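Written below as structure tokens is the structure these notes are about.
Structure representation (structure tokens):
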């Protein structure tokens, strides 16, 4: 048998390939859109704007996520990080692998009482911590090598310098 490809069979094959390529593209776009939506459910404050008021007060308002937490993107020493606000944490608590990525040095070991029990963490000092327009310098923090989270706990060593007001599912932070 002689199987010759005719212009019709070539066109049909090309049409089938384009149809498959279109569906792959549609699935990729849907997957990307769904992942973006899921990330927004976890961190609705990926770009916390905020403003500086006439009197110099810096202010940022955060939306609570679907799990009841305030998660926000910020910066440590100029590097983008994800914070979870935690008024129960005395320091900013940084998971060990994130501290390595940020190039933070482990200082003196210190015992910390956590929900999981007593752990040993390491003191460190952050040159700058930013959340929207709010920025603090020389902030005390700790490196927690036992913490496996993707978020940094933004504790009271940062939050004690701010005024916060909660209304419904929004938290407004002010730096005077």
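Residue numbers (our numbering): 175 to 350. Even for Gly, the Cβ is constructed at its ideal location relative to N, Cα and C. For clarity, every value in this text was computed on a predicted model and none was experimentally measured.
task: From the DSSP output, in three-state form, read off residue 200 for me.
output: Taking the first residue of the chain shown as 1, we reach residue 200 at position 26. Looking at residue 200 - three-state DSSP - the assignment turns out to be helix.
message: For residue 241, tell me which candidate among 180, 259, 281 and 230 has the shortest Cα-Cα distance.
response: The residue you call residue 241 lines up with position 67 of the chain shown. Among 180, 259, 281 and 230, the Cα nearest to that of residue 241 is on 259.
- request: Check whether the stretch 273-293 touches the stretch 330-344, taking contact to mean three or more Cβ pairs, one atom from each stretch, closer than 8 Å.
  value: Here the stretch 273-293 does not lie against the stretch 330-344, with fewer than 3 beta-carbon pairs under 8 Å apart.
task: Compare the Cα-Cα distances from residue 227 to each of 308, 339 and 345 and report the closest residue.
output: Here residue 227 corresponds to residue number 53 of the chain shown, with the count starting at 1. For residue 227, the closest of 308, 339 and 345 by C-alpha to C-alpha distance is 308.
task: At 4 residues or longer, and completely inside the stretch 209-297: list those alpha helix (DSSP H) runs for me, N to C.
output: The DSSP assignment places complete alpha helix (DSSP H) segments of no fewer than 4 residues inside the stretch 209-297 at 270-276, in order along the chain.
Whole-angstrom distance between residue 256 and residue 191, CA atom to CA atom: By one-based count along the chain shown, residue 191 stands at place 17. By one-based count along the chain shown, residue 256 stands at place 82. Between the C-alpha atoms of residue 191 and residue 256 there is a straight-line separation of about 42 Å.
query: Over what stretch of residues does the beta strand (DSSP E) that includes residue 345 continue unbroken?
result: The residue given as residue 345 occupies position 171 in the chain shown. Its beta strand (DSSP E) spans residues 344-349.
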